[in-house]
Structure formats: structure tokens, C-alpha cells
Amino acid sequence: MMENFLQPTPWDKRNFHVDTYEVTSLTEEALKQTNEIEGHFTLKTEPLASKESLRKYGFYYVDTLIEPVCEKDNLQVIGKEGIELSREFPAEEILAISGEAFAGGRFHRDPEIPNFMADNRYRNWVKDLIEEDKILAFYYQGELAGFYAYQDDKVLLLGIHQDFRGKGLTKACTSLAVQEHFRFSELDSIRTSISPSNLASLNLFLSLGFKMKSSVDIYHKLNGSLPVGV
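If you use the working numbering, the sequence shown corresponds to residues 3 to 232, in order.
What follows is the structure in C-alpha cells.
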């Protein structure tokens, strides 16, 4: 029986309204399978791996993700008066922040994905994380300033309300959230993934004691077309 190298990603299908998959191998057999069905495909590969076969099968580069990791003892905690963390927050306000804070993600950079679909993907992702109680909200002087989203040992998303950017809050809020993440999870290390194009975020995490450990290139492919007017 032929092995299936296409892992369905229903969380993306609901946003793009076509079948979506992650390709689990770089072999010729795996890449051929992406020609046999319609859909949108994601493939992650080592940066130094040959990309010749990817181009042959219609894959195109969208982003690179760097993985910084922080050991518990290396975290630099930045205190600032007036900041509080909470699991109690108005969900719609968190979703509103997610709607404007993540315009540089890999799906926004995919020329085949309309921006409104990429926006919906982030919004629905944050909605799922709210339902799973994986959000820590930042309050500054009683006002909602942003949020920190996590899963297991990974920082997934960091969103700061536009009114609170550039005020020296992001570093303090993030350090306190990572400290709390270490506390309740009892983990020894926490990681995240950041596009090198997002220098502000990369510099933020490095300043808090994260160290770059690895990276991965991400390629996409659309076989067929997305529905019009969805």
C-alpha cells in the first residue's frame, strides 16, 4: 500500500475553503502526491536542503522561521509598575487586536492567499486559543494592552494593541508572561518561532534571554484555485 505523505490541516481548510495539507516528506513520491489532488500545501525544510525538486513540483518560498529557546535560569525579567496579567478579558477585544497585529505572517506573504483569508486564519486561531484557555492578557493601568498565547512549551503569538506600542511596555509584558509560563508549566525551557523579517520581535526575545537554536524554510503550493467571493 502506498504511503500517504499528506497530513490534512483542517484548521487551515476552514479559512481557505479548499483542502489543505502539510507535506511530511521531501521525497519524490511525496511531492508527486501534491500533483494528484487539488488543495493548498505547506512543506517545511532545512534551509540548506536542495530546493530543486520543490520548484519542479510548483512549490514557492514564503518564509523562514527561526526558533529561539530560553532556559528558565536565563530569562531576563523586566519589571514595570502598572502591568498585570490575567486570564479574564473581553474576548472580542483580544480578537480585535489579533486582526491588526499579525499582518506579516506567512499566509499574508503567500501570493495565492487573499489578505482577508490570512486575517481570518489568525482570528480563528486566537479564538481557538481563547476557548482552550491558552491566553494571558496584559493590562496596563487597568486597560487591556495585549496578549500572550502559548501551547505546551511554545510561545505562539504575541499581540500588543496599537495604542500601547512604542511605550516601553512590550518587553516588560512579555518577560512577565514568559515568567508566568515557566511558573505554571514547570518547564525548564520555552521556545518560540519568528520570521527574520520581524526584527522587532526577534530582538525582543533575544533581549529576554532567548537564544537562536534552529531555523526552517517554509514553502507553499496551490494546486487548483481558491473559491472566489467567499
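Built from N, CA and C at the ideal position, the CB exists for glycine as well.
Helix, strand or coil for Pro10? Go by DSSP, reduced to three states. The three-state secondary structure of Pro10, taken from DSSP, is strand.
Is there contact here, the segment 170–179 with the segment 134–146, by at least three beta-carbon pairs under 8 Å? At 8 Å Cβ cutoff, the stretches touch.
Quick one: any contact between the segment 71–79 and the segment 94–112, if contact means 3 or more CB pairs under 8 Å? The answer is no - the segment 94–112 does not touch the segment 71–79, with fewer than three Cβ pairs under 8 Å.
Beta-carbon proximity of Thr44 to Asp21, cut-off 9 Å: No, the pair does not count as a contact, with Cβ atoms beyond the cut-off.
Near Thr26, which residues of its chain fall below 8 Å by C-beta distance, leaving aside the five closest residues on each side in sequence? Non-local beta-carbon contacts of Thr26 in its own chain, meaning distances under 8 Å to residues more than five positions away in sequence, involve Phe7, Leu8, Gln9 and Ala32 in chain order.
Please go through the same chain and pick out, in chain order, the residues whose beta-carbon is closer than 7 Å to the beta-carbon of Val64, but skip the five residues on each side of it. Within its own chain, the residues whose Cβ lies closer than 7 Å to the Cβ of Val64, once the five positions on either side in sequence are excluded, are Arg108, Arg111, Asp112, Ile220, Tyr221 and His222, listed in chain order.
Through-space distance from Tyr152 to Glu134, alpha-carbon basis: One C-alpha to the other measures close to 10 Å.
Relative to the C-alpha of Gln181, which candidate in His163, Leu210 and Asn122 has its C-alpha closest? Cα-wise, what sits closest to Gln181 is Leu210.
When the Cα atoms are used, what is the spatial distance from Gly41 to Ile85? In this model, Gly41 and Ile85 are separated by some 45 Å (Cα to Cα).
Once you ignore the five residues that flank Gly226 on each side, which residues in its own chain have a CB closer than 8 Å to its CB? Closer than 8 Å at Cβ, skipping near neighbours: Val20, Glu40 and Gly41.
For Asn117 and Glu2, the rounded distance between their alpha carbons: Residue 2 is absent from the structure shown; the chain starts at 3 and stops at 232.
Can Glu69 and Arg193 be called in contact, C-beta distance under 9 Å? Yes; because the gap between Cβ atoms is below 9 Å, this pair is in contact.
Local conformation of Asn225 per DSSP, three classes: Asn225: strand per DSSP, three-state reduction.
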